[in-house]
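**Q** Take this structure, written in structure tokens, and hold onto it; I'll ask about it next.
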Amino acid sequence: YFENSSDSTVIGTVNAIDPEGTPVTYSIVSGNDDAWFEIDPVTGVISLTPAGVAAVANDFEALANVHN
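Note that this note's numbering has the sequence shown beginning at 1035, numbered continuously upward.
Encoded structure:
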């Protein structure tokens, strides 16, 4: 994300489709120990939290998961 980004800045979106059409949910399963990001469980939109805004680093790796 860009320096000086604000809370709730969208930084990415994950997308998955279940072959049987079962609804999926999204979650961050690792790499977010400091809670700098949140993911909308329905839309897959990943955004910055207030803690992420306050962080001085801007290079991250996190693992997202899809559940059905």
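Don't be surprised by glycine CBs; every beta carbon is placed ideally from N, CA and C.
Would a C-beta distance cut-off of 8 Å place glutamate 1072 and threonine 1083 closer than the cut-off?
**A** A contact, by the Cβ cut-off of 8 Å.
**Q** Note the first and the last residue of the continuous alpha helix (DSSP H) segment covering glycine 1086.
**A** Start and end: 1084-1088.
**Q** Give the range of the beta strand (DSSP E) segment to which isoleucine 1062 is assigned.
**A** Unbroken beta strand (DSSP E) run through isoleucine 1062: 1059-1064.
**Q** Suppose you measure from the CA of aspartate 1041 to the CA of isoleucine 1080; what does that come to, to the nearest Å?
**A** Cα to Cα, aspartate 1041 sits roughly 12 Å from isoleucine 1080.
**Q** On the three-state DSSP scale, how would you describe glutamate 1110?
**A** As displayed, the chain neither begins before 1035 nor continues past 1102, which places residue 1110 out of reach and without an answer.
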